[in-house]
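> My questions will all concern the structure given below.
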Amino acid sequence: MPGKHFIFPITTGRSGTLYLTELLRRNLHNAEVHHERAGHTDLGVHHPDASDFTHFNTFGNDAHVQQFWTQKLHRIVNGPARVYAEISHPLVKAGLIENIAPLTRSGRVDLIILRRNTEDILWSLANRFDFVNNAFTWLFYLDPRYRNVIVNATPFISHGMYGAALWYIHEMWTRVEYYRRLLADDHDIYIHDVELSEIATGDGAMRLLRALGAAPTEIDLPPQLNATSQTFFGDDIRQGCHALVQKFQVDHAAEAIRFLEEGRRLASGPTAGMSVE
Numbered sequence: 019m020p021g022k023h024f025i026f027p028i029t030t031g032r033s034g035t036l037y038l039t040e041l042l043r044r045n046l047h048n049a050e051v052h053h054e055r056a057g058h059t060d061l062g063v064h065h066p067d068a069s070d071f072t073h074f075n076t077f078g079n080d081a082h083v084q085q086f087w088t089q090k091l092h093r094i095v096n097g098p099a100r101v102y103a104e105i106s107h108p109l110v111k112a113g114l115i116e117n118i119a120p121l122t123r124s125g126r127v128d129l130i131i132l133r134r135n136t137e138d139i140l141w142s143l144a145n146r147f148d149f150v151n152n153a154f155t156w157l158f159y160l161d162p163r164y165r166n167v168i169v170n171a172t173p174f175i176s177h178g179m180y181g182a183a184l185w186y187i188h189e190m191w192t193r194v195e196y197y198r199r200l201l202a203d204d205h206d207i208y209i210h211d212v213e214l215s216e217i218a219t220g221d222g223a224m225r226l227l228r229a230l231g232a233a234p235t236e237i238d239l240p241p242q243l244n245a246t247s248q249t250f251f252g253d254d255i256r257q258g259c260h261a262l263v264q265k266f267q268v269d270h271a272a273e274a275i276r277f278l279e280e281g282r283r284l285a286s287g288p289t290a291g292m293s294v295e
């Protein structure tokens, strides 16, 4: 039904998605707003399960991945809310954009690129041990052993969980540039590029809300949410993370352009002859 409005993020996680969720919930009136719909009964229904992530990032947008998105997006399109926002960073890593056509046929789609300093994200991921448990990585992030990726993970892997997390961050910022170019001619999709620090201010939040088509006269800013409150490592590890960030600089736009100019697409999977074991 024309006139609907759908909002999703492209981001790394540990970048302020819970804050953005609450900002939209407080200021988009009559909207259905969710964060990560990842309860144990939501996997495979509202949130991709591990196989959806592993299939997309190994084989591309295959029939298994499409089956998940068909049922999820059908339910969103036919839901009661005119404005639907799901500020869940994992979705784009399992093929949201490759399967987004049902939403663009039904209304407007806004994608919010939510940025935060790379070193701060790395430090947060390290203190949560998010790249220690593969099962957790497969449900929320990207495994450096995946083959359907843009940035070469090999130089990062020898640096353990810190290297894996840093590769992931660079892969996601590169996918931002990839999708920006892939969607450049799609006039039903609007892309907004914001920093967490920017939307934490009244002026920045107002700019984003107006770009989303809202017209609030006042902003109800949420407090800081889900910040890293406990650290398990000392200054030596923090300095090691800093050195790693300085060592591995990636030109995200150049990597995305290279990938596209090689004729490759994440939807299509790895090139012929590339191992997917």
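Residues 19 to 295 in my numbering are what the sequence shown spells out, letter by letter.
Glycine included, every Cβ here is placed at the ideal spot set by N, Cα and C.
All of these numbers come straight from a predicted model, not from anything done at the bench.
One question on the structure: do Val-212 and His-188 come within less than 7 Å of each other, judged by their Cβ atoms?
Taking the sequence shown and counting its residues from 1, the one referred to as residue 212 is at position 194. Taking the sequence shown and counting its residues from 1, the one referred to as residue 188 is at position 170. No.
> Give me the Cα-Cα distance between Leu-36 and Gln-242, rounded to the nearest whole angstrom.
Taking the sequence shown and counting its residues from 1, one reaches residue 36 at position 18. Taking the sequence shown and counting its residues from 1, one reaches residue 242 at position 224. Their backbone Cα atoms lie some 9 Å apart in a straight line.
> What are the boundary residues of the alpha helix (DSSP H) that Val-263 is part of?
Within the sequence shown, residue 263 is the residue found at index 245, counting from 1. 253–265 is the span of the alpha helix (DSSP H), which, as asked, contains Val-263.
> Which same chain residues, not among the five before or five after Leu-227, have their C-beta less than 7 Å away from its C-beta?
Here residue 227 is taken as the residue at index 209 of the sequence shown, counted from 1. The residues are Asn-45, Pro-234.
> How far does the beta strand (DSSP E) with Arg-126 in it extend, from its first residue to its last?
By one-based count along the sequence shown, residue 126 stands at place 108. Start and end: 125–133.
> For Ala-103, which of Phe-154, Asn-75, Ile-25 has the nearest alpha-carbon?
Taking the first residue of the sequence shown as position 1, residue 103 is located at position 85. For Ala-103, the nearest C-alpha among the options comes from Ile-25.
> What is the DSSP secondary structure of Phe-26, counted as helix, strand or coil?
Working through the sequence shown from its first residue, we reach residue 26 at position 8. Phe-26 falls in the strand class under three-state DSSP.
> Would Asp-70 be called buried (16 or more neighbouring beta carbons within 10 Å of its own) or exposed?
Here residue 70 refers to the residue found at position 52 of the sequence shown. Answer is buried; the Cβ neighbour count reaches 16.
> Under 7 Å, do Ile-207 and Leu-214 count as touching if we go by C-beta distance?
Along the sequence shown, read from residue 1 onward, the residue named residue 207 stands at position 189. Along the sequence shown, read from residue 1 onward, the residue named residue 214 stands at position 196. No.
> Unbroken beta strand (DSSP E) runs of length 3 or more, entirely within the segment 46–97: which are they?
Taking only runs of at least 3 residues, the beta strand (DSSP E) segments lying wholly in the segment 46–97 are 49–52.
> What are the boundary residues of the beta strand (DSSP E) that includes Val-212?
Sequence index remark: in the sequence shown, residue 212 carries index 194 (1-based). From DSSP, the beta strand (DSSP E) with Val-212 extends over 207–213.
> From Arg-276 to Arg-199, what distance separates their C-alpha atoms?
Here residue 276 is taken as the residue at index 258 of the sequence shown, counted from 1. Here residue 199 is taken as the residue at index 181 of the sequence shown, counted from 1. Each residue's alpha carbon lies about 12 Å from the other.
> Count the other CB atoms within 10 Å of the CB of Phe-251; is the residue buried (16 or more) or exposed (fewer)?
The residue given as residue 251 occupies position 233 in the sequence shown. Exposed, by the Cβ-count rule.
> Does the separation of the CB atoms of Leu-38 and Leu-109 fall below 7 Å?
As a position in the sequence shown, residue 38 is number 20, starting the count at 1. As a position in the sequence shown, residue 109 is number 91, starting the count at 1. Their beta carbons are not under 7 Å apart, which means Leu-38 does not touch Leu-109 by this criterion.
> Going along the chain, which residues of its own chain have a beta-carbon closer than 6 Å to the beta-carbon of Arg-141, five neighbours each way excluded?
Numbered from its first residue, the sequence shown carries residue 141 at position 123. It should be pointed out that residue 141 corresponds to Trp in this sequence rather than to Arg. These residues qualify, in order along the chain: Cys-259.
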